[in-house]
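Numbered according to this note's numbering, the sequence shown spans residues 3 to 120. Where is the CB? At the ideal position from N, CA and C, for every residue including glycine.
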Amino acid sequence: MQKTPLTDELCEMISDLHNKISFMMDLGIDYLQEFNEDYSYKIVEMEGRINEQYKYLRNRILTEIQNGELDPASGLNTIDYLDQVQLIADKMKNLVKAGSHRFVYPKMVAANTLKEEK
């Protein structure tokens, strides 16, 4: 348990990002089941939204800490959480982008192998 409890506002920030990353993971599971490109575009878009919100919230929290408006321990704990959510979102996007090229790479390897055999 954390020594300094988070404010309601910080909890709302975390909850909102948690909902977005959960939605992104649901899209990722749907994408893996169906390989529907619409899901990959939505995941990339959601990662962009999370990045924008991450940058805004991180800067806002740091500014509030510097101005003495926010307890440093709570603010820095929230920033740690935001960093992890942003990292998860980025990795999800990268996995989906890599998965969307699953048919291109084997064809390229097969074509290069045939050229080398000739």
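Would you decide whether residue i is buried or exposed? Buried here means 16 or more other CB atoms lie within 10 Å of its CB.
i   : result
G30 : buried
G77 : buried
Y58 : exposed
E49 : buried
Q88 : buried
L34 : exposed
What do you reckon, are the CB atoms on residue i and residue j nearer than 7 Å?
i    : j   : result
I52  : K95 : no
I90  : I16 : no
I121 : P74 : This structure does not reach residue 121, given that the chain is present from 3 up to 120, and the question cannot be answered.
Please report how far the alpha carbon of residue i lies from the alpha carbon of residue j, in whole angstroms.
i   : j    : result
E39 : Q86  : 26 Å
T65 : A100 : 37 Å
D32 : F25  : 11 Å
E47 : D92  : 11 Å
Y43 : L19  : 19 Å
N69 : R60  : 14 Å
Based on Cα-Cα distance, which residue from the options lies nearest to residue i?
i   : options               : result
P7  : Y56, L72 and Q55      : L72
E11 : S42, R62, V98 and M26 : R62
C13 : Q35, D92 and Y83      : Y83
V98 : F37, I67, T9 and A75  : F37
T9  : N79, L34 and F25      : N79
N21 : Q55, I67, L64 and T65 : Q55
D28 : Y41, L19 and D18      : Y41
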